[in-house]
Amino acid sequence: MKGKQEILQGGLWKLMLKLSLPGILGMLMVSLNALVDAIYVSQLVGNVAFAGVSLSMPLFTLSAAVTSMLSSGASALYSRAIGEENVLLANRLFANLTLLVVLASLILALAGIWLGGPALIFLGADQAMLQYGKPFFQLAMAGGISSMMGLCSSALIRAEGNVRFAMKITAIAVILNILINPVLIKTFHLGVQGSAMATIISMGIYTFLNLRYFYLGKGYLNLKQRWALNPPLMLRILQTGLPSFLMQINGFFRQFILFKLVSAYSTTAIQLSAFTAIYRLFSFSAIPVFGMLQAFSPLIGINLGAGKKERVRKAVGIFRTGAVALLLVLALPGFLFPRTLLSLLLPGVELPDNLIFYFRTVLLALPLMPFASTSIVFLQVSRNSKTASKLTFSRELFIFVPVIFCLTHFMGYAGIYYGLLLENFLYMLLVYLVTSKIMNKELAL
1013 MKGKQEILQG GLWKLMLKLS LPGILGMLMV SLNALVDAIY VSQLVGNVAF AGVSLSMPLF
1073 TLSAAVTSML SSGASALYSR AIGEENVLLA NRLFANLTLL VVLASLILAL AGIWLGGPAL
1133 IFLGADQAML QYGKPFFQLA MAGGISSMMG LCSSALIRAE GNVRFAMKIT AIAVILNILI
1193 NPVLIKTFHL GVQGSAMATI ISMGIYTFLN LRYFYLGKGY LNLKQRWALN PPLMLRILQT
1253 GLPSFLMQIN GFFRQFILFK LVSAYSTTAI QLSAFTAIYR LFSFSAIPVF GMLQAFSPLI
1313 GINLGAGKKE RVRKAVGIFR TGAVALLLVL ALPGFLFPRT LLSLLLPGVE LPDNLIFYFR
1373 TVLLALPLMP FASTSIVFLQ VSRNSKTASK LTFSRELFIF VPVIFCLTHF MGYAGIYYGL
1433 LLENFLYMLL VYLVTSKIMN KELAL
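Plus 1012 on top of the position in the sequence shown (first one is 1) and you've got my numbering.
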């Protein structure tokens, strides 16, 4: 494999740039794809349909978390197997990952069909919103295997270091979704179900193209070998990917707590709208980090599997430096032109100076993120996923909740922003110290 040799021997700064750019573009396209359904439903079906579909979005968190667990767990083990030249393990990984995807998607599909309506009612949907949100969610969950298998197979391609190819296939899926959506919604008069079907079809083609890559022998796998069920390996995939699952669930929990606190401590409608805009801009600015992690994971895994410990240590430092530098650049417009950026989401709203200050305060947390995120990925790849799971689980319970509730109690609305900055710093410090100790042990020459 040419890509493997480059990862093992190529210049680390050059590799970071070469692999990270398609990873970042791929993540941006995935984020765009998530908006396509909502935009078309809003424009072609109506505001009530948009409200119903939007209300169903939090319900996809569990599906996204399971997909993240399977894809990250399998890809971490896969990149390590490539470095160790363990072809047998790589082949078994794909077979057992596929079985897990089929099982998980079936369970989630049944749960979505049976519980979709009650869940939407619990979230506050009225009858008008329910008639749109329920069929959209049920159909999307029923066809969820296309998304789950596509994203998991794409993760394996990225784990080989072929991030550019994975980005190209992602682009094809996004473009197909953009083109098919209006046809099914308007031309075939399928409404919100047409939008869900467009995603299923585009992700089905996405899955086909990813699997075709392996069947044509372009990857490290040999899919023509006999498949065999291996429960211990399936358990390893789940254990390795558990930190990613917890991060997804924690994100949902975090948003729920934050917006409840904002509602409780906001004294004006502007404060509520401003937090929503600030949170969206912050989340969007963080996307490039996850794109860089797509490059970071195979680079660490393959080199670690090959026993190149000093190269791994250097790669960790280089990726952290590069990610921090990138986030500082992305945060700069927010520091220099905060009103201009916020006006994109809040047109015509005159924001007071204190909200501008809070926006800048939250942006200070951006450069802290790479220290924690790269550490968690290192722990997953280096077979320390239990430690990674403990760290991600403890973040919300022992850091986020105490900090955010304590500061809002004493500082009110302002405590939300100061709490986010302090919580990010404390979590970064904890993860960095724990990982540094493990790294010194794992990478001892």
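All residues carry an ideal CB built from backbone N, CA and C; glycine is no exception.
Its Cα nearest to that of Tyr1232, the residue Ser1091 stands out among Met1069, Pro1034 and Ser1091. Thr1404 places its beta carbon 8 Å or farther from that of Pro1300. Counting C-beta atoms within 10 angstroms of its own C-beta, Thr1420 has 16 or more neighbours from the protein chains shown and is therefore classed as buried.
In this structure, Val1389 sits away from Leu1316, with a CB-CB distance that is not shorter than 8 Å.
At a Cβ-Cβ threshold of 8 Å, Leu1391 and Thr1447 count as neighbours. CA-to-CA, the gap between Ala1131 and Ile1450 works out to about 42 Å. Using a C-beta cut-off of 8 Å, the segment 1181-1199 makes no contact with the segment 1136-1156, since fewer than three inter-stretch Cβ pairs fall below that distance. Secondary structure of Leu1434 (DSSP, three-state): helix. With respect to the C-alpha of Arg1238, the residue from Asn1108, Val1060, Tyr1225 and Phe1349 having the closest C-alpha is Asn1108. Around the beta carbon of Asp1365, fewer than 16 other beta carbons sit within 10 angstroms, so the residue counts as exposed. With contacts defined as CB atoms closer than 8 Å, Val1186 and Leu1044 qualify as a contacting pair. Under the three-state reduction of DSSP output, Ala1400 falls in the helix class. Annotation: the continuous alpha helix (DSSP H) that includes Ala1178 extends over Val1175 to Pro1194. Taking the Cα of Arg1292 as reference, the smallest distance to any Cα among Phe1308, Leu1270 and Gly1313 is reached at Leu1270. Close CB contacts of Arg1104 within its chain, under the 8 Å cut and outside five residues either way in sequence, are with Ala1240, Asn1242 and Leu1245 (chain order). Nearest in C-alpha terms to Tyr1370, of all of Cys1418, Ile1290, Gly1303 and Thr1280, is Ile1290. With fewer than 16 other Cβ atoms from the protein chains shown falling within 10 Å of its own Cβ, Pro1414 counts as exposed.
In the three-state reduction of the DSSP assignment, Asp1138 falls in the coil class. Non-local beta-carbon contacts of Leu1284 in its own chain, meaning distances under 8 Å to residues more than five positions away in sequence, involve Val1274, Ser1275 and Ser1278 in chain order. By a beta-carbon distance limit of 8 Å, Ala1171 contacts Ser1309. Their separation comes to about 7 Å. In this structure, Ser1032 sits away from Ala1167, with a CB-CB distance that is not shorter than 8 Å.
When the beta-carbon positions are compared, Met1381 and Ala1298 come within less than 8 Å of each other. In this structure, the CA atom of Gly1015 is about 29 Å from the CA atom of Val1078.
In this structure the segment 1111-1118 does not touch the segment 1020-1039; the number of beta carbon pairs closer than 8 Å is below three.
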